[in-house]
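S.K.: The structure is given below, and queries will be raised subsequently.
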Amino acid sequence: MDKLPTRSPELKIVTRLMQSVALWPYDYDRHLPGWLRSRYHLSTALNVLYYLVWLFINLHILVLHVKTILDRLDSFQDLFLILVTTFIYCVMVPVSLYCQLYYDKNVELIQMSMLLFRKRSAAGIIYIKFEPTKQFVFKMFKMWMIGCMFGTMHWAIYPILQREKILPFQIWYPFDVHRSPLYELAFLGQVLGQYQVGMVFGLAGSLLMMHIFMVCGQFDILFCSLANVYNTAMINSGGYKLKLATARIMYKSSERRPNLYYFNEVHEENLSDAPKTKTKEIAALPQKHNYLPKLSNELATALDDCIDHHSVLIKFCHKMEECYHPFIMMKLGQIVVQLCLLVYMTTSQDDLTLMKLMNICEYLMLTMTELFLLCYLGQTMKVQSMKVGDALMMSPWYECGAAFRKRAQLIQINSIHPVRLTAMKLNDLDFETYYMVLKASFSYYTLLKKLQQ
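Numbered as in this note's numbering, the sequence shown ends at 1067 without a single skipped number.
Written out as C-alpha coordinates, the structure reads:
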(Lines of atoms letter the chains of each structure in order from A and count residues from 1; the text may use other names and numbers.)
(Lines give C-alpha, C1' and ligand atoms only; values in the text may rest on other atoms or scores of the structure.)
Protein backbone atom coordinates (compact mmCIF):
# COMPACT_ATOMS: atom_id res chain seq x y z
CA MET A 1 0.00 0.00 0.00
CA ASP A 2 2.73 2.47 1.05
CA LYS A 3 4.54 2.99 -2.25
CA LEU A 4 6.56 6.05 -1.26
CA PRO A 5 10.27 5.78 -0.47
CA THR A 6 10.69 7.58 2.87
CA ARG A 7 14.49 7.75 3.03
CA SER A 8 14.27 11.54 3.05
CA PRO A 9 13.18 12.89 6.47
CA GLU A 10 11.44 15.84 4.76
CA LEU A 11 9.44 13.49 2.52
CA LYS A 12 8.56 11.39 5.54
CA ILE A 13 7.08 14.45 7.29
CA VAL A 14 5.03 15.40 4.21
CA THR A 15 3.79 11.81 3.83
CA ARG A 16 2.73 11.49 7.46
CA LEU A 17 0.91 14.82 7.35
CA MET A 18 -0.98 13.76 4.21
CA GLN A 19 -1.91 10.45 5.84
CA SER A 20 -3.02 12.17 9.06
CA VAL A 21 -6.08 13.65 7.32
CA ALA A 22 -6.67 10.68 4.97
CA LEU A 23 -5.39 12.42 1.84
CA TRP A 24 -3.02 9.52 1.16
CA PRO A 25 -3.45 5.87 2.19
CA TYR A 26 -1.46 4.41 5.05
CA ASP A 27 0.08 0.93 5.08
CA TYR A 28 -1.65 -0.72 8.02
CA ASP A 29 -0.23 -4.15 7.06
CA ARG A 30 3.03 -3.35 8.84
CA HIS A 31 1.15 -3.28 12.17
CA LEU A 32 -0.91 -6.42 11.60
CA PRO A 33 0.10 -9.96 12.59
CA GLY A 34 1.94 -11.86 9.88
CA TRP A 35 -0.96 -14.17 9.14
CA LEU A 36 -3.29 -11.19 8.50
CA ARG A 37 -1.00 -9.15 6.27
CA SER A 38 -2.19 -8.69 2.68
CA ARG A 39 -5.33 -10.71 3.47
CA TYR A 40 -8.96 -9.70 3.30
CA HIS A 41 -7.91 -6.22 2.08
CA LEU A 42 -7.75 -5.11 5.70
CA SER A 43 -5.38 -2.23 5.01
CA THR A 44 -7.68 -0.91 2.28
CA ALA A 45 -10.74 -1.28 4.51
CA LEU A 46 -9.06 0.62 7.37
CA ASN A 47 -8.04 3.41 4.99
CA VAL A 48 -11.61 3.70 3.72
CA LEU A 49 -12.96 3.84 7.29
CA TYR A 50 -10.44 6.50 8.27
CA TYR A 51 -11.34 8.53 5.16
CA LEU A 52 -15.05 8.25 6.04
CA VAL A 53 -14.34 9.59 9.54
CA TRP A 54 -12.79 12.78 8.11
CA LEU A 55 -15.52 12.97 5.47
CA PHE A 56 -18.15 12.85 8.23
CA ILE A 57 -16.39 15.69 10.09
CA ASN A 58 -16.43 17.76 6.92
CA LEU A 59 -19.99 16.97 5.85
CA HIS A 60 -21.63 17.42 9.25
CA ILE A 61 -20.14 20.92 9.57
CA LEU A 62 -21.19 21.70 5.99
CA VAL A 63 -24.79 20.56 6.64
CA LEU A 64 -25.00 22.64 9.82
CA HIS A 65 -23.72 25.70 7.92
CA VAL A 66 -26.31 25.24 5.18
CA LYS A 67 -29.10 24.88 7.78
CA THR A 68 -27.91 28.09 9.48
CA ILE A 69 -27.99 29.99 6.16
CA LEU A 70 -31.51 28.78 5.37
CA ASP A 71 -32.74 29.85 8.81
CA ARG A 72 -31.20 33.34 8.57
CA LEU A 73 -32.08 34.39 5.03
CA ASP A 74 -34.00 37.35 6.41
CA SER A 75 -30.80 38.67 8.08
CA PHE A 76 -28.51 38.06 5.13
CA GLN A 77 -26.06 40.80 6.18
CA ASP A 78 -24.93 38.75 9.21
CA LEU A 79 -24.00 35.67 7.18
CA PHE A 80 -20.57 36.85 5.95
CA LEU A 81 -18.41 34.37 7.86
CA ILE A 82 -20.87 31.51 7.49
CA LEU A 83 -21.12 31.94 3.70
CA VAL A 84 -17.35 31.91 3.25
CA THR A 85 -16.77 28.91 5.51
CA THR A 86 -19.67 27.05 3.87
CA PHE A 87 -18.07 27.48 0.48
CA ILE A 88 -14.67 26.38 1.82
CA TYR A 89 -16.15 23.18 3.28
CA CYS A 90 -17.94 22.53 -0.04
CA VAL A 91 -14.67 22.74 -1.98
CA MET A 92 -12.81 20.58 0.52
CA VAL A 93 -14.79 17.47 -0.46
CA PRO A 94 -13.59 17.34 -4.11
CA VAL A 95 -10.06 18.42 -3.12
CA SER A 96 -9.67 15.56 -0.63
CA LEU A 97 -11.18 13.14 -3.14
CA TYR A 98 -8.73 14.41 -5.78
CA CYS A 99 -5.78 13.69 -3.46
CA GLN A 100 -6.99 10.10 -3.04
CA LEU A 101 -7.61 9.51 -6.76
CA TYR A 102 -4.31 11.03 -7.89
CA TYR A 103 -2.17 9.41 -5.19
CA ASP A 104 -0.44 7.04 -7.64
CA LYS A 105 0.50 9.91 -9.96
CA ASN A 106 1.93 11.86 -7.04
CA VAL A 107 3.94 8.82 -6.01
CA GLU A 108 5.27 8.51 -9.55
CA LEU A 109 6.36 12.16 -9.50
CA ILE A 110 8.13 11.79 -6.15
CA GLN A 111 9.88 8.58 -7.19
CA MET A 112 10.97 10.18 -10.44
CA SER A 113 12.41 13.19 -8.63
CA MET A 114 14.30 10.99 -6.17
CA LEU A 115 15.72 8.62 -8.78
CA LEU A 116 16.36 10.85 -11.81
CA PHE A 117 17.01 14.36 -10.49
CA ARG A 118 20.70 15.34 -10.49
CA LYS A 119 22.49 16.16 -7.24
CA ARG A 120 24.84 18.63 -8.96
CA SER A 121 25.70 19.99 -12.39
CA ALA A 122 28.40 18.54 -14.63
CA ALA A 123 32.05 19.30 -13.88
CA GLY A 124 33.29 22.69 -15.06
CA ILE A 125 34.93 25.84 -13.73
CA ILE A 126 31.75 26.32 -11.64
CA TYR A 127 28.98 24.00 -10.54
CA ILE A 128 25.58 24.10 -8.80
CA LYS A 129 24.34 21.72 -6.10
CA PHE A 130 20.76 20.61 -5.60
CA GLU A 131 20.89 20.41 -1.80
CA PRO A 132 20.30 24.18 -1.21
CA THR A 133 17.20 23.97 -3.39
CA LYS A 134 15.78 21.12 -1.29
CA GLN A 135 16.51 23.04 1.92
CA PHE A 136 14.79 26.15 0.54
CA VAL A 137 11.78 24.12 -0.61
CA PHE A 138 11.25 22.50 2.78
CA LYS A 139 11.67 25.87 4.52
CA MET A 140 8.96 27.32 2.28
CA PHE A 141 6.78 24.26 2.98
CA LYS A 142 7.06 24.82 6.74
CA MET A 143 6.29 28.53 6.43
CA TRP A 144 3.26 27.89 4.21
CA MET A 145 1.87 25.18 6.48
CA ILE A 146 2.35 27.33 9.60
CA GLY A 147 0.51 30.18 7.87
CA CYS A 148 -2.35 27.92 6.77
CA MET A 149 -2.73 26.27 10.16
CA PHE A 150 -2.60 29.58 12.03
CA GLY A 151 -5.20 31.06 9.68
CA THR A 152 -7.62 28.21 10.34
CA MET A 153 -6.89 27.18 13.94
CA HIS A 154 -6.71 30.54 15.72
CA TRP A 155 -10.53 30.53 15.83
CA ALA A 156 -10.34 27.88 18.53
CA ILE A 157 -8.29 30.14 20.81
CA TYR A 158 -10.97 32.82 21.36
CA PRO A 159 -13.43 30.67 23.37
CA ILE A 160 -10.57 29.38 25.52
CA LEU A 161 -9.25 32.89 26.24
CA GLN A 162 -12.72 34.25 27.02
CA ARG A 163 -13.50 31.24 29.25
CA GLU A 164 -17.04 31.13 27.99
CA LYS A 165 -19.04 28.36 26.39
CA ILE A 166 -19.09 29.84 22.90
CA LEU A 167 -18.20 28.08 19.68
CA PRO A 168 -15.76 29.32 17.04
CA PHE A 169 -18.63 29.28 14.49
CA GLN A 170 -22.09 30.38 15.59
CA ILE A 171 -24.07 27.81 13.60
CA TRP A 172 -27.30 25.90 14.21
CA TYR A 173 -27.26 22.63 16.20
CA PRO A 174 -30.22 20.31 16.87
CA PHE A 175 -29.41 20.37 20.60
CA ASP A 176 -28.40 22.84 23.29
CA VAL A 177 -24.64 23.26 22.76
CA HIS A 178 -24.18 25.20 26.01
CA ARG A 179 -24.59 22.06 28.12
CA SER A 180 -21.77 19.64 28.86
CA PRO A 181 -20.70 17.34 27.30
CA LEU A 182 -22.55 18.52 24.16
CA TYR A 183 -20.59 21.77 24.09
CA GLU A 184 -17.26 19.94 24.29
CA LEU A 185 -18.29 17.57 21.48
CA ALA A 186 -19.44 20.45 19.24
CA PHE A 187 -16.26 22.40 20.01
CA LEU A 188 -14.10 19.35 19.21
CA GLY A 189 -15.97 18.82 15.93
CA GLN A 190 -15.38 22.41 14.82
CA VAL A 191 -11.71 22.31 15.84
CA LEU A 192 -11.18 19.07 13.89
CA GLY A 193 -13.00 20.59 10.92
CA GLN A 194 -10.74 23.67 10.95
CA TYR A 195 -7.68 21.45 11.36
CA GLN A 196 -8.82 19.50 8.31
CA VAL A 197 -9.32 22.69 6.29
CA GLY A 198 -5.81 23.94 7.10
CA MET A 199 -4.18 20.58 6.36
CA VAL A 200 -6.09 19.79 3.17
CA PHE A 201 -5.66 23.14 1.46
CA GLY A 202 -2.17 23.68 2.84
CA LEU A 203 -0.80 20.26 1.89
CA ALA A 204 -2.45 19.98 -1.54
CA GLY A 205 -1.17 23.41 -2.59
CA SER A 206 2.28 23.08 -1.00
CA LEU A 207 2.94 19.74 -2.70
CA LEU A 208 2.44 21.38 -6.11
CA MET A 209 4.67 24.29 -5.07
CA MET A 210 7.39 21.89 -3.91
CA HIS A 211 7.36 20.07 -7.25
CA ILE A 212 7.69 23.37 -9.14
CA PHE A 213 10.52 24.64 -6.94
CA MET A 214 12.33 21.32 -7.37
CA VAL A 215 12.08 21.36 -11.15
CA CYS A 216 13.26 25.00 -11.23
CA GLY A 217 16.32 23.94 -9.24
CA GLN A 218 16.94 21.14 -11.73
CA PHE A 219 16.72 23.61 -14.61
CA ASP A 220 19.43 25.62 -12.85
CA ILE A 221 21.64 22.52 -12.82
CA LEU A 222 20.93 21.98 -16.53
CA PHE A 223 21.79 25.62 -17.34
CA CYS A 224 25.10 25.35 -15.51
CA SER A 225 25.95 22.09 -17.30
CA LEU A 226 25.12 23.60 -20.71
CA ALA A 227 27.09 26.80 -20.09
CA ASN A 228 30.08 24.70 -18.95
CA VAL A 229 29.80 22.01 -21.61
CA TYR A 230 33.14 22.90 -23.26
CA ASN A 231 34.89 22.94 -19.87
CA THR A 232 33.27 19.59 -19.05
CA ALA A 233 34.71 18.13 -22.27
CA MET A 234 38.19 19.42 -21.42
CA ILE A 235 37.99 17.94 -17.90
CA ASN A 236 36.81 14.56 -19.26
CA SER A 237 39.72 14.50 -21.72
CA GLY A 238 42.20 14.70 -18.84
CA GLY A 239 44.18 17.58 -20.34
CA TYR A 240 43.83 21.30 -21.12
CA LYS A 241 44.72 22.31 -17.55
CA LEU A 242 46.19 25.64 -18.65
CA LYS A 243 43.11 26.46 -20.74
CA LEU A 244 40.80 25.54 -17.83
CA ALA A 245 42.79 27.75 -15.45
CA THR A 246 42.57 30.60 -17.97
CA ALA A 247 38.79 30.09 -18.32
CA ARG A 248 38.41 30.29 -14.53
CA ILE A 249 40.38 33.56 -14.37
CA MET A 250 38.28 35.02 -17.16
CA TYR A 251 35.08 33.97 -15.37
CA LYS A 252 36.19 35.60 -12.12
CA SER A 253 37.17 38.83 -13.88
CA SER A 254 33.94 38.98 -15.89
CA GLU A 255 31.75 41.84 -14.71
CA ARG A 256 28.66 40.91 -16.74
CA ARG A 257 27.43 37.41 -16.01
CA PRO A 258 23.96 36.52 -17.30
CA ASN A 259 21.73 35.62 -14.35
CA LEU A 260 20.19 32.38 -15.56
CA TYR A 261 19.79 30.76 -12.18
CA TYR A 262 16.63 30.85 -10.11
CA PHE A 263 18.48 29.58 -7.02
CA ASN A 264 21.74 31.49 -7.39
CA GLU A 265 24.06 29.07 -5.53
CA VAL A 266 27.22 28.85 -7.67
CA HIS A 267 30.34 27.07 -6.37
CA GLU A 268 33.89 27.06 -7.70
CA GLU A 269 35.02 23.68 -9.01
CA ASN A 270 38.18 22.04 -7.66
CA LEU A 271 39.72 21.21 -11.03
CA SER A 272 42.23 18.73 -9.61
CA ASP A 273 39.41 16.64 -8.11
CA ALA A 274 36.55 17.33 -10.57
CA PRO A 275 34.28 14.33 -11.35
CA LYS A 276 34.80 12.86 -14.81
CA THR A 277 32.43 11.09 -17.18
CA LYS A 278 33.47 8.17 -19.38
CA THR A 279 33.72 9.39 -22.97
CA LYS A 280 31.68 7.59 -25.63
CA GLU A 281 32.87 6.98 -29.17
CA ILE A 282 30.54 8.64 -31.67
CA ALA A 283 29.91 7.44 -35.20
CA ALA A 284 32.24 8.76 -37.88
CA LEU A 285 30.91 11.75 -39.82
CA PRO A 286 31.13 12.35 -43.57
CA GLN A 287 34.23 14.25 -44.69
CA LYS A 288 32.30 17.46 -45.45
CA HIS A 289 31.03 17.54 -41.84
CA ASN A 290 34.37 16.68 -40.28
CA TYR A 291 35.34 20.22 -39.22
CA LEU A 292 36.61 21.37 -35.81
CA PRO A 293 37.25 17.78 -34.71
CA LYS A 294 38.99 18.74 -31.44
CA LEU A 295 37.30 17.16 -28.40
CA SER A 296 34.54 15.85 -30.67
CA ASN A 297 33.82 12.72 -28.61
CA GLU A 298 34.07 14.53 -25.26
CA LEU A 299 31.76 17.34 -26.39
CA ALA A 300 29.20 14.89 -27.79
CA THR A 301 29.27 12.90 -24.53
CA ALA A 302 28.85 16.00 -22.36
CA LEU A 303 25.99 17.34 -24.49
CA ASP A 304 24.27 13.93 -24.64
CA ASP A 305 24.20 13.97 -20.84
CA CYS A 306 22.54 17.41 -20.94
CA ILE A 307 20.00 16.17 -23.51
CA ASP A 308 19.12 13.22 -21.25
CA HIS A 309 18.69 15.58 -18.29
CA HIS A 310 16.53 17.95 -20.36
CA SER A 311 14.34 15.05 -21.50
CA VAL A 312 13.83 13.95 -17.87
CA LEU A 313 12.74 17.47 -16.88
CA ILE A 314 10.31 17.77 -19.81
CA LYS A 315 8.83 14.36 -18.96
CA PHE A 316 8.53 15.32 -15.29
CA CYS A 317 6.75 18.59 -16.15
CA HIS A 318 4.32 16.78 -18.46
CA LYS A 319 3.53 14.26 -15.71
CA MET A 320 3.05 17.11 -13.25
CA GLU A 321 0.61 18.75 -15.67
CA GLU A 322 -1.35 15.50 -16.01
CA CYS A 323 -1.46 15.13 -12.23
CA TYR A 324 -2.37 18.69 -11.23
CA HIS A 325 -4.53 20.25 -13.95
CA PRO A 326 -7.83 19.23 -12.21
CA PHE A 327 -6.55 20.57 -8.88
CA ILE A 328 -5.51 23.90 -10.44
CA MET A 329 -8.97 24.26 -11.96
CA MET A 330 -10.60 23.64 -8.57
CA LYS A 331 -8.30 26.13 -6.86
CA LEU A 332 -8.88 28.88 -9.43
CA GLY A 333 -12.64 28.33 -9.26
CA GLN A 334 -12.53 28.46 -5.47
CA ILE A 335 -10.49 31.67 -5.49
CA VAL A 336 -12.82 33.39 -7.99
CA VAL A 337 -15.93 32.68 -5.90
CA GLN A 338 -14.18 33.40 -2.61
CA LEU A 339 -12.87 36.80 -3.75
CA CYS A 340 -16.28 37.69 -5.14
CA LEU A 341 -17.97 36.77 -1.84
CA LEU A 342 -15.42 38.65 0.25
CA VAL A 343 -15.74 41.89 -1.72
CA TYR A 344 -19.53 41.62 -1.97
CA MET A 345 -20.06 40.99 1.73
CA THR A 346 -17.66 43.83 2.59
CA THR A 347 -19.43 46.43 0.47
CA SER A 348 -22.92 45.20 1.39
CA GLN A 349 -22.57 45.68 5.14
CA ASP A 350 -23.22 49.09 6.62
CA ASP A 351 -21.77 48.50 10.09
CA LEU A 352 -18.54 46.52 9.97
CA THR A 353 -17.25 45.59 13.41
CA LEU A 354 -13.51 45.35 14.05
CA MET A 355 -13.74 41.56 14.30
CA LYS A 356 -15.51 41.25 10.93
CA LEU A 357 -12.97 43.59 9.34
CA MET A 358 -10.14 41.44 10.67
CA ASN A 359 -11.86 38.34 9.29
CA ILE A 360 -12.17 39.96 5.86
CA CYS A 361 -8.54 41.06 5.81
CA GLU A 362 -7.38 37.60 6.88
CA TYR A 363 -9.39 35.77 4.21
CA LEU A 364 -8.34 38.26 1.54
CA MET A 365 -4.67 37.96 2.47
CA LEU A 366 -4.69 34.15 2.42
CA THR A 367 -6.69 33.97 -0.82
CA MET A 368 -4.60 36.56 -2.68
CA THR A 369 -1.34 35.02 -1.44
CA GLU A 370 -2.33 31.57 -2.66
CA LEU A 371 -3.45 32.91 -6.04
CA PHE A 372 -0.23 34.88 -6.50
CA LEU A 373 2.00 31.98 -5.47
CA LEU A 374 0.31 29.54 -7.85
CA CYS A 375 0.48 31.92 -10.81
CA TYR A 376 4.00 33.09 -9.96
CA LEU A 377 5.35 29.54 -9.79
CA GLY A 378 3.58 28.54 -13.02
CA GLN A 379 5.10 31.59 -14.74
CA THR A 380 8.54 30.85 -13.27
CA MET A 381 8.53 27.24 -14.49
CA LYS A 382 7.53 28.40 -17.97
CA VAL A 383 10.31 31.01 -18.06
CA GLN A 384 12.90 28.55 -16.73
CA SER A 385 12.12 26.08 -19.51
CA MET A 386 12.63 28.80 -22.11
CA LYS A 387 16.14 29.65 -20.84
CA VAL A 388 17.64 26.34 -21.99
CA GLY A 389 18.64 27.68 -25.39
CA ASP A 390 20.15 30.82 -23.81
CA ALA A 391 22.29 28.68 -21.50
CA LEU A 392 23.59 26.66 -24.44
CA MET A 393 24.49 29.84 -26.33
CA MET A 394 26.69 30.89 -23.39
CA SER A 395 29.05 28.02 -24.23
CA PRO A 396 31.68 28.44 -27.00
CA TRP A 397 29.54 26.50 -29.48
CA TYR A 398 31.34 28.21 -32.39
CA GLU A 399 34.48 26.23 -31.49
CA CYS A 400 32.66 22.90 -31.69
CA GLY A 401 32.23 20.56 -34.63
CA ALA A 402 29.27 19.07 -36.48
CA ALA A 403 28.47 16.34 -33.92
CA PHE A 404 28.03 18.96 -31.19
CA ARG A 405 25.99 21.29 -33.38
CA LYS A 406 23.54 18.56 -34.39
CA ARG A 407 22.91 17.81 -30.75
CA ALA A 408 22.64 21.51 -29.99
CA GLN A 409 19.86 21.76 -32.57
CA LEU A 410 17.97 19.01 -30.75
CA ILE A 411 18.13 20.96 -27.47
CA GLN A 412 16.99 24.14 -29.20
CA ILE A 413 14.04 22.33 -30.77
CA ASN A 414 13.01 20.82 -27.40
CA SER A 415 13.15 24.24 -25.73
CA ILE A 416 11.03 26.09 -28.34
CA HIS A 417 7.77 25.19 -26.60
CA PRO A 418 7.85 26.04 -22.88
CA VAL A 419 6.53 23.56 -20.33
CA ARG A 420 3.38 24.80 -18.66
CA LEU A 421 0.77 23.99 -16.07
CA THR A 422 -2.87 24.46 -17.02
CA ALA A 423 -6.32 24.48 -15.48
CA MET A 424 -8.06 21.51 -17.15
CA LYS A 425 -6.07 22.26 -20.35
CA LEU A 426 -7.97 25.53 -20.72
CA ASN A 427 -5.75 28.26 -19.28
CA ASP A 428 -2.04 28.37 -18.54
CA LEU A 429 -1.04 29.02 -14.95
CA ASP A 430 0.80 32.34 -15.30
CA PHE A 431 0.42 36.05 -14.59
CA GLU A 432 -2.14 36.42 -17.37
CA THR A 433 -4.34 33.94 -15.50
CA TYR A 434 -3.73 35.93 -12.31
CA TYR A 435 -5.23 39.05 -13.92
CA MET A 436 -8.01 36.98 -15.49
CA VAL A 437 -9.06 35.57 -12.09
CA LEU A 438 -9.16 39.05 -10.56
CA LYS A 439 -11.23 40.36 -13.48
CA ALA A 440 -13.64 37.40 -13.25
CA SER A 441 -14.09 37.94 -9.50
CA PHE A 442 -14.86 41.63 -10.02
CA SER A 443 -17.29 40.81 -12.87
CA TYR A 444 -19.26 38.40 -10.68
CA TYR A 445 -19.20 40.96 -7.88
CA THR A 446 -20.74 43.66 -10.11
CA LEU A 447 -23.36 41.14 -11.25
CA LEU A 448 -24.33 40.41 -7.64
CA LYS A 449 -24.56 44.14 -6.88
CA LYS A 450 -26.89 44.66 -9.82
CA LEU A 451 -29.06 41.75 -8.76
CA GLN A 452 -29.22 43.20 -5.26
CA GLN A 453 -30.40 46.54 -6.61
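Even for Gly, the Cβ is constructed at its ideal location relative to N, Cα and C.
(1) W769 to F670, Cα distance in whole Å?
(2) Can you tell me which of the three DSSP states D1044 falls into?
(3) Less than 9 Å separating the beta-carbons of E935 and L1035?
(4) Where does the unbroken beta strand (DSSP E) through I785 begin, and where does it stop?
(5) Give the secondary structure of Y741 by DSSP, where H, G and I count as helix, E and B as strand, and everything else as coil.
(6) Just verifying my parser: in three-state terms, what is the DSSP assignment at A736?
(7) Does the region 969-985 come close enough to the region 997-1012 that 3 or more CB-CB pairs lie under 8 Å?
(8) Could you give the distance in angstroms between the alpha-carbon of D718 and the alpha-carbon of N850?
(9) Taking Cβ positions only, does S1029 come closer than 9 Å to chain D?
(10) Taking the alpha helix (DSSP H) that E936 belongs to, which residues open and close that run?
(11) By Cβ distance below 8 Å, which residues in the same chain neighbour F744 in space, the five residues on each side in sequence not counted?
(12) Within 8 Å, do at least three Cβ pairs link the region 835-846 to the region 923-940?
(13) I'd like to know whether the C-beta atoms of I683 and L693 end up nearer to each other than 9 Å.
(14) For A1037, which three-state DSSP category applies?
(15) How long is the line joining the alpha carbons of A1022 and T994, rounded to whole angstroms?
(16) Suppose the cutoff is 8 Å on Cβ atoms and the five residues either side in sequence are ignored; what does the same chain contact list for S1009 look like?
(17) Inspect the beta-carbon positions of R988 and L946 and report whether they are closer than 9 Å.
(18) Candidates T860, L1052 and E1013: which alpha carbon is nearest S949's?
(19) Under a Cβ-count criterion, where at least 16 other Cβ atoms within 10 Å of its own Cβ denotes burial, should L676 be classed as buried or exposed?
(20) Please report the distance separating the alpha-carbon of E798 from that of Q749.
(21) For Q808 and M767, which I take to be in contact (beta-carbon distance under 8 Å), what is that distance rounded to the nearest angstrom?
(22) Residue range of the alpha helix (DSSP H) that V880 falls in?
(23) So what's C762 in DSSP terms, helix, strand or just coil?
(24) What is the DSSP secondary structure of T658, reduced to helix, strand or coil?
(25) Classify H645: buried if its beta carbon has 16 or more other beta carbons within 10 angstroms, exposed otherwise.
(26) Secondary structure at R862, three-state DSSP: helix, strand or coil?
(27) Using only alpha-carbon positions, find the residue among Y772, L631 and L858 that is nearest to K756.
(28) Going by C-alpha to C-alpha distance, which of Y1058, K626, V951 and M1038 sits closest to V721?
(29) Report buried or exposed for P782, applying the criterion of at least 16 other Cβ atoms within 10 angstroms of its Cβ.
(30) Check this for me: beta carbons of V635 and V814, under 9 Å apart or not?
(31) Give the range of the alpha helix (DSSP H) segment to which T846 is assigned.
(32) Would you kindly check if the distance between the Cβ of M828 and the Cβ of T747 is under 9 Å?
(33) Could you check whether A847 and L913 sit closer than 9 Å to each other, using their CB atoms as the reference points?
(34) Grouping DSSP H, G and I as helix and E and B as strand, with all else coil, what is W638?
(35) Return the first residue and the last residue of the alpha helix (DSSP H) that A1005 is part of.
M.R.: In this structure, then:
(1) Working through the sequence shown from its first residue, we reach residue 769 at position 155. Working through the sequence shown from its first residue, we reach residue 670 at position 56. Going by the C-alpha atoms only, they are around 21 Å apart.
(2) Indexing the sequence shown from 1 puts residue 1044 at position 430. Here D1044 sits in coil by DSSP.
(3) Numbered from its first residue, the sequence shown carries residue 935 at position 321. Numbered from its first residue, the sequence shown carries residue 1035 at position 421. Yes; because the gap between Cβ atoms is below 9 Å, this pair is in contact.
(4) Along the sequence shown, read from residue 1 onward, the residue named residue 785 stands at position 171. Boundaries for I785: no beta strand (DSSP E) harbours it, and the DSSP string shows neither H nor E there.
(5) As a working mapping, residue 741 is identified with position 127 in the sequence shown. It is a strand residue.
(6) Your numbering for residue 736 matches position 122 in the sequence shown. Note: A736 maps to coil in three-state DSSP.
(7) With the rule of 3 Cβ pairs closer than 8 Å, the region 997-1012 does not count as touching the region 969-985.
(8) The residue given as residue 718 occupies position 104 in the sequence shown. The residue given as residue 850 occupies position 236 in the sequence shown. If you draw a straight line from the Cα of D718 to the Cα of N850, it is about 40 Å long.
(9) Any reference to chain D falls outside this structure, which holds one protein chain only.
(10) Here residue 936 is taken as the residue at index 322 of the sequence shown, counted from 1. For E936, the uninterrupted alpha helix (DSSP H) run begins and ends at S910 to S962, by DSSP.
(11) Taking the sequence shown and counting its residues from 1, the one referred to as residue 744 is at position 130. F731, R732, K733, R734, G831, Q832 and I835.
(12) The region 923-940, when compared against the region 835-846, does touch it at the 8 Å Cβ threshold.
(13) For this step, residue 683 is matched to residue 69 along the sequence shown. For this step, residue 693 is matched to residue 79 along the sequence shown. Yes.
(14) On the sequence shown, residue 1037 is found 423 positions in, with the first residue counted as 1. Annotated three-state conformation of A1037 is strand, per DSSP.
(15) Counted from its first residue, the sequence shown places residue 1022 at position 408. Counted from its first residue, the sequence shown places residue 994 at position 380. Rounded to the nearest whole angstrom, the CA to CA distance from A1022 to T994 is 24 Å.
(16) Counting from one through the sequence shown, the residue named residue 1009 turns up at place 395. Cβ neighbours of S1009 beyond the five flanking positions: L840, A841, N842, V843 and Y844.
(17) Taking the sequence shown and counting its residues from 1, one reaches residue 988 at position 374. Taking the sequence shown and counting its residues from 1, one reaches residue 946 at position 332. Per the sequence presented here, residue 988 reads as Leu, with Arg not at that position. At the C-beta level, L988 and L946 come within 9 Å of one another.
(18) Numbered from 1 along the sequence shown, position 335 holds the residue referred to as residue 949. At residue 949 the sequence reads Ile, which differs from the Ser that was named. When only C-alpha atoms are compared, the closest one is L1052.
(19) Stepping through the sequence shown from its first residue, residue 676 is reached at position 62. With 16 or more Cβ atoms within 10 Å of its Cβ, L676 is classed as buried.
(20) Looking up residue 798 in the sequence shown gives position 184. Looking up residue 749 in the sequence shown gives position 135. Distance from the CA of E798 to the CA of Q749, rounded to the nearest whole angstrom, comes to 41 Å.
(21) Looking up residue 808 in the sequence shown gives position 194. Looking up residue 767 in the sequence shown gives position 153. Your pair Q808 and M767 checks out as a contact, with CB atoms roughly 6 Å apart and the cut at 8 Å.
(22) By 1-based counting over the sequence shown, the position of residue 880 is 266. No alpha helix (DSSP H) contains V880, which is instead part of the beta strand (DSSP E) from V880 to E882.
(23) Counting from 1 along the sequence shown, the entry for residue 762 is found at position 148. DSSP places C762 in helix when its eight states are reduced to three.
(24) On the sequence shown, residue 658 is found 44 positions in, with the first residue counted as 1. Of the three classes helix, strand and coil, the one that applies to T658 here is helix, per DSSP.
(25) In the sequence shown, residue 645 corresponds to position 31, counting from 1. H645 comes out exposed.
(26) Taking the first residue of the sequence shown as 1, we reach residue 862 at position 248. For R862, the three-state secondary structure derived from DSSP is helix.
(27) Residue mapping note: residue 756 aligns to position 142 of the sequence shown, counting from 1. Of Y772, L631 and L858, the residue nearest in Cα terms is L631.
(28) Position 107 of the sequence shown, counting from 1, holds the residue named residue 721. Of the candidates Y1058, K626, V951 and M1038, the one whose C-alpha sits nearest the C-alpha of V721 is K626.
(29) By 1-based counting over the sequence shown, the position of residue 782 is 168. Under this definition P782 is a buried residue.
(30) Stepping through the sequence shown from its first residue, residue 635 is reached at position 21. Stepping through the sequence shown from its first residue, residue 814 is reached at position 200. Between V635 and V814, the C-beta spacing is below 9 Å.
(31) Within the sequence shown, numbered from 1, the residue matching residue 846 stands at position 232. Run containing T846: V843 to S851, per the alpha helix (DSSP H) assignment.
(32) Along the sequence shown, read from residue 1 onward, the residue named residue 747 stands at position 133. Along the sequence shown, read from residue 1 onward, the residue named residue 828 stands at position 214. In contact: T747 and M828 (Cβ atoms closer than 9 Å).
(33) Locating residue 913 in the sequence shown gives position 299, where the first residue counts as 1. Locating residue 847 in the sequence shown gives position 233, where the first residue counts as 1. It is a contact, given that the beta carbons lie within the stated cut-off.
(34) Numbered from 1 along the sequence shown, position 24 holds the residue referred to as residue 638. In the structure shown, the three-state DSSP call for W638 is coil.
(35) Here residue 1005 refers to the residue found at position 391 when the sequence shown is read from its first residue. Annotation: the continuous alpha helix (DSSP H) that includes A1005 extends over V1002 to M1007.
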